[in-house]
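These notes are about the structure you will find just below.
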Amino acid sequence: MATEHDVEGIQQGIRQKYAAVAASATGKFAYPTGREGAVTLAYDPVHLAAAHEGLFAAYCGVGNPFSLGEIREGEAPLDVGCGGGLDLFVASRLVGPTGRACGIDLTPEMASRARANLTSAGVAHADVKVATAEAIPYPDATFDVVTSNGVLNLAPRKRQSFRDIFRVLRPGGRLHLVDIVLADGVPQPSTCSIDAWSR
Ligand SMILES: C[S@@+](CC[C@H](N)C(=O)[O-])C[C@H]1O[C@@H](n2cnc3c(N)ncnc32)[C@H](O)[C@@H]1O
Numbered sequence: 005m006a007t008e009h010d011v012e013g014i015q016q017g018i019r020q021k022y023a024a025v026a027a028s029a030t031g032k033f034a035y036p037t038g039r040e041g042a043v044t045l046a047y048d049p050v051h052l053a054a055a056h057e058g059l060f061a062a063y064c065g066v067g068n069p070f071s072l073g074e075i076r077e078g079e080a081p082l083d084v085g086c087g088g089g090l091d092l093f094v095a096s097r098l099v100g101p102t103g104r105a106c107g108i109d110l111t112p113e114m115a116s117r118a119r120a121n122l123t124s125a126g127v128a129h130a131d132v133k134v135a136t137a138e139a140i141p142y143p144d145a146t147f148d149v150v151t152s153n154g155v156l157n158l159a160p161r162k163r164q165s166f167r168d169i170f171r172v173l174r175p176g177g178r179l180h181l182v183d184i185v186l187a188d189g190v191p192q193p194s195t196c197s198i199d200a201w202s203r
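When the letters of the sequence shown are read in order and numbered with the numbering used here, they come out as residues 5 to 203.
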């Protein structure tokens with residue numbers, strides 16, 4: 005059972021790692037990142053062609069949340085752990101100017117990067133806040149859909165994170181979650197290593 009002290013230590017380690025990833029994801033993961041990652045994960049080439057290079061620089065998603073179901077014009081999606089904002093950019097294109105795409109991220113440098121990337125992409129109907137999945141800073145029943153891409157494996161309080169995600173979803177809302185799961189448990193030395201936690 006993780007103590008408050010453990011949780012703060014894990015989140016501090018994750019913030020440090022992703023502050024560096026906000027500058028560039030290149031060479032920091034064991035899987036393809038950036039534009040190559042998004043192409044490998046079969047994102048819609050129309051959206052990728054519309055994205056500028058800054059949106060790819062910090063991209064380190066592990067799956068394609070848009071392959072899991074539709075996001076419709078006028079809807080309100082929330083991206084939990086929005087990183088540098090590529091998924092938020094795609095969501096903002098899907099909902100169009102009558103919708104509003106929101107993102108939260110634990111790491112201030114990532115949230116700043118996402119804001120700057122969306123502004124330079126000309127997206128005005130998006131918001132990014134620094135926050136954790138465990139305490140989402142929106143009222144109950146705000147969103148039609150929550151997306152999350154490679155984030156909840158990093159969250160030390162998973163049960164509380166899911167509770168808060170379901171709290172901000174409207175009745176009948178959808179969760180489009182892509183993530184990493186271990187089939188055989190975590191090898192013992194890894195449980196003590198921040199690097200192993202966020203690999
Ligand atoms: C794999 S990246 C997300 C990729 C992102 N969706 C993209 O488009 O590039 C993981 C992100 O989750 C954030 N993160 C990690 N733990 C978090 C938590 N508990 N709550 C919110 N964000 C978190 C990290 O700061 C990082 O930006």
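All C-beta atoms, glycine included, are put in the ideal place defined by N, C-alpha and C.
Check	Outcome
Segments of 4+ residues assigned as alpha helix (DSSP H) that fall wholly inside the region 159 to 194	162 to 172
Any non-hydrogen atom of ligand 1 within 7 Å of residue 126 CB	no
beta-carbon residue 153 near ligand 1 non-hydrogen atom, thresh 7 Å	yes
Closest residue to residue 128 among 34, 95 and 144 (Cα-Cα distance)	95
Residues that residue 147 bridges to, as DSSP identifies them	173
Closer than 7 Å: residue 83 CB and nearest ligand 1 heavy atom	yes
Nearest candidate by alpha-carbon position, reference residue 111, set 170, 121 and 134	134
Residue 47 CB to nearest heavy atom of ligand 1 below 7 Å	no
Simplified DSSP assignment, three categories, for residue 21	helix
Simplified DSSP state of residue 121, which is helix, strand or coil	helix
Ranges of the alpha helix (DSSP H) found wholly within the region 22 to 98, counting only runs of at least 4	38 to 44, 49 to 54 and 57 to 61
CA-to-CA distance, residue 83 to residue 159, given in whole angstroms	15 Å
For residue 11, the residue or residues it bridges with in DSSP	Its beta-bridge partners do not exist; DSSP assigns none.
Beta-carbon proximity check, residue 169 vs residue 137, cutoff 8 Å	yes
DSSP three-state assignment for residue 115, whether helix, strand or coil	helix
Beta-carbon proximity list for residue 73, same chain, < 7 Å, skipping 5 on both sides	178 and 180
Cβ-heavy atom distance, residue 145 to ligand 1, below 7 Å	no
Residue 34 and residue 62 closer than 8 Å at C-beta	no
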